[in-house]
Structure formats: C-alpha cells, structure tokens
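Student:
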Amino acid sequence: MRLSLKLCSTTAALAFLAGCSSGGVPNDTIANASGGTDSPAAARSPDGKQYLAQPLVKDLFFADPSAHVFDGKIYIYPSHDVDAGIPDDDLGSQYAMHDYQVLSMDRPGGAVTVHPVALDLKQVPWASEKAWAPDAAYKNGTYYLYFPAKDKQGVFRIGVATSASPVGPFKAEPQPIQGAYSMDPAVFTDEDGQSYLYLGGIWGGQLQRWATGKYDPNAGDTDLKKDDQPALSGKVARLSPDMKQLAEPLRDAVILDEKGKPVLGGDHDRRFFEGSWMFKRGGKYYYMYSTGDTHFLAYAIGDNPYGPFKYTGRILEPVQGWTSHGSVFAFKGKWYLAYHDTQLSNKNHLRSAKMTELTFNPDGTIQTIKPFKD
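The sequence shown: position 262 = 253 (my numbering), numbered continuously.
Next up, the structure:
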C-alpha cells in the first residue's frame, strides 16, 4: 500500500503526553482534554488496564520501531505487520511481513507521516520471505536500511539497501552482507564516526543454528538447551567504511551477571533472546535487548561497543502481546523509548508502534517503564 497519512497533531500530542513517564500536564487532565472516557488515552486492555501510550498509527500495523533523529527530525524504521492467515507458532511463521515503510515526526507528539513503501522483498534478488525488524543509519549523504530476510534456502541473512532520502525508496545490494546472519540488525555509530552492526535472535531467528560458526539446520528450533552454560550471545562487528560489509568477523556481545560471569542459558529473565539496540550516554554503552519468552526489554552497560556488558535491569515490563522490541533515542535533551504492543488488534502478529519518555537516575540507571498506568 502506498500512502501518506497524517494524524491529527493535537490528538497525537495529547495521546503522547498522556503516555509520558514524567513531566508535563497531569495524566487525568490530558485524558479529559482529549475526549474523556471515550478517548484513545482512556482505552483499556482486555483485562481492564489503561495503556501508558497510544499507537502512533491507527489504521496500519507497525512493529519493532527503530527510531533515529536525522537533520532534527524523527524517523522510525519499523517492520510492517500484515495478516497472512497463518496460525501462531514458536518460530514466528505468523510474522509474514514483506515490505518496509518509514514513519516520520517533527517532534514527539507531533503529526505522524506514513511514507510510501521504502523497500519490498520483491526488489531484493536474494530474499524469499520474512521482512522482519530493520534498522537504519546515515553517512556521507547516504541513508542505509539494514534488514533481515530468509534467502532462497530458508536461511536468515542480513541485507542492506541505500537511498538519498531517509524515507526511501531504497535500493538493495544484490547480495546479503557477507558473514552476517540471523535477524534484528541494529546499527550504532560512535562519536568517532565508526559504525557497528548488532544482530541475532534465537528460536525463529536461527541464532542457535550458528553456534559453531557455520549454519547447522539440525541444531534445533529454540536454543542450545544447556541451561547451566553461558547463554547464546547476540553478535556485533564493526562495519566497513562504505557501511555495506563487515570490517571484521562477528563476535559475541556477552552479558555478564552481578558476579562478572556470563548469564546462563537457563536465566530467561536476563539472557539475550533478540532485538539488540545500542546507545551511548555519559560515556557508557547501553545494550538493550529482549528476553523473548519472559517478555522484558532488558539492558546491560559496558565500556565499549563490543562489551562485555553487565546486566543492569529492565527498561520495559511485558507489553500486551508476545513480542517486545524497541529502540532508544535522544531528542532535544530528552530521551525516549519506541516500542510496540497489540493494543489495536490483540493479535501477536498485528502490532502497533508507540513512544514514551525515558527517565535516567543520577547514577545512569534507567527507571523501569510499565506499559500500563494501572
């Protein structure tokens, strides 16, 4: 579908402010101002809870929002959920996304524009299906879209596409990034201009099949099934100057516990599952990720982009819906979390992107966000 959709700026602003975790007008005042008990801000979950924030888009489904600020404007690169009539399973067969559209905003709470299709898998020579969570980066006048997809043999690879515009259209490279695999690419550019690619996801993301460094289709559908040994790690590598290849082999982004030991595979509250995201604040590197089947957005802190990263806490408690995936960005001195849930559909494969303010404690830790007000 090709369209440009503008949401009412007043309604969007009120809904966003009602969802912020701190500051601004009291939440009840905002809810009343935006229409009382029938307003979006007053919407409740199937079990009667009031949502912290409202969907950025109301008539399309977007998940896995990767948010960036380019030239003073917010751009969100999500996956585009569609209903393919596929039942839920543990490998994510129901997530049958096939294209990407970019969302943009002049400011948090402002009007949201849904831009035309930026890239369709039909335009990617090596890809067959599963246009899952993407990310984007900018360097020297070019915008880069990083995306996972299954190749013709059903193996997840990571591709890259380029554009002169942050909203596309993007042209994909004819081959996936050599040496990259699995899913959920995320790109972090440090203050020195060097960029790093993070990736990986177990279960449907196939990371467990790469545990030996080579793809093993018989390695299982979940994890290593070694609960008393170090968990599988997400991966990280420095990108080449042209942003289209890895400059080095992937290495483990190891998460350590309070004793300085790698988090174990059986520690499902803290171990890596999918959804890597990296940001830097106060000289520290924050590695955010999803714990998958326990549904937390957790974070760990390190002294460099490679880690190791010491587990520190949770950024987001479980949302409505099975998956949890997000990004963190700064805009005019404030920090925000972009995430998703299933408020509009109550179906795991039809999710809605949301945004709320992020609050840091004086010691650099993050105040955990609850996705419901009550």
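Glycine included, each C-beta is placed from N, C-alpha and C at the ideal position.
(1) Relative to the C-alpha of Ala173, which residue among Tyr187, Ala124 and Gly159 is closest?
(2) Under the three-state reduction of DSSP, which class applies to Lys162: helix, strand or coil?
(3) DSSP state of Asp284, grouped into three classes?
(4) Please list, in chain order, all residues of the same chain as Phe61 whose beta carbon is under 8 angstroms from its beta carbon, the five residues on each side excluded.
(5) Measuring alpha carbon to alpha carbon, tell me which residue in Tyr86, Leu237, Glu120 and Pro232 is nearest Gly184.
(6) Which same chain residues, not among the five before or five after Gly251, have their C-beta less than 8 angstroms away from its C-beta?
(7) Should Gly83 go down as buried or exposed, given a rule of 16 or more other Cβ atoms within 10 Å for buried?
(8) Nearest CA to the CA of Asp248: which residue from Thr356, Thr347, Asp97 and Pro221?
(9) Please list the segments of the alpha helix (DSSP H) lying wholly inside the segment 150 to 229, counting only runs of 4 or more residues, in order along the chain.
(10) Identify, in the order they occur along the chain, each residue of the same chain with its Cβ nearer than 7 angstroms to the Cβ of Gln166, setting aside the five sequence neighbours on each side.
(11) Alpha carbons only, please: which of Gly132, Ser154, Asn131 and Gln114 is nearest the one belonging to Ala140?
(12) Pull up the distance between the alpha-carbon of Gly283 and that of Ala33, whole angstroms please.
(13) Can you say whether Lys361 is buried or exposed, counting buried as having 16 or more other CB atoms within 10 angstroms of its CB?
(14) Tell me whether Lys121 sits in a helix, a strand or coil according to DSSP, three-state version.
(15) Who pairs with Ala33 in a beta bridge, going by DSSP?
(16) Among residues of its own chain, excluding the 5 on either side of Gly317, which ones have a beta-carbon nearer than 6 angstroms to its beta-carbon?
(17) Going by C-alpha distance, which of Leu94, Asp80 and Asp50 is nearest Met346?
(18) Counting along the chain, where does the beta strand (DSSP E) carrying Ala127 start and finish?
(19) Going by DSSP, what residue range makes up the beta strand (DSSP E) through Glu348?
(20) If you count every other CB in all the chains shown that lies within 10 Å of the CB of Pro208, and 16 or more means buried, which is it?
(21) Buried or exposed: Lys143, going by 16 or more other Cβ atoms within 10 Å of its Cβ?
(22) In three-state DSSP terms, what is Pro362?
(23) Report buried or exposed for Pro37, applying the criterion of at least 16 other Cβ atoms within 10 angstroms of its Cβ.
(24) So, at 6 angstroms on beta carbons, what are the nonlocal neighbours of Arg200 in its own chain, with the 5 sequence-adjacent residues on each side left out?
(25) Taking C-alpha atoms, which residue in Gly145, Thr213 and Ile149 lies nearest to Phe138?
Tutor: Taking the structure as given:
(1) For clarity, residue 173 is Ser in the given sequence; the question names Ala instead. Taking only the C-alpha atoms, the option nearest Ser173 is Ala124.
(2) strand
(3) helix
(4) Tyr129, Tyr134 and Pro157
(5) Pro232
(6) Lys301
(7) buried
(8) Pro221
(9) none
(10) Trp117
(11) Gln114
(12) 28 angstroms
(13) exposed
(14) coil
(15) Answer by DSSP bridge pairing: none, since Ala33 is not bridged.
(16) Leu288, Leu328, Ala329 and Tyr330
(17) Leu94
(18) Asp126 to Lys130
(19) Ser343 to Leu349
(20) exposed
(21) exposed
(22) coil
(23) exposed
(24) Tyr206, Asp207 and Ala210
(25) Ile149
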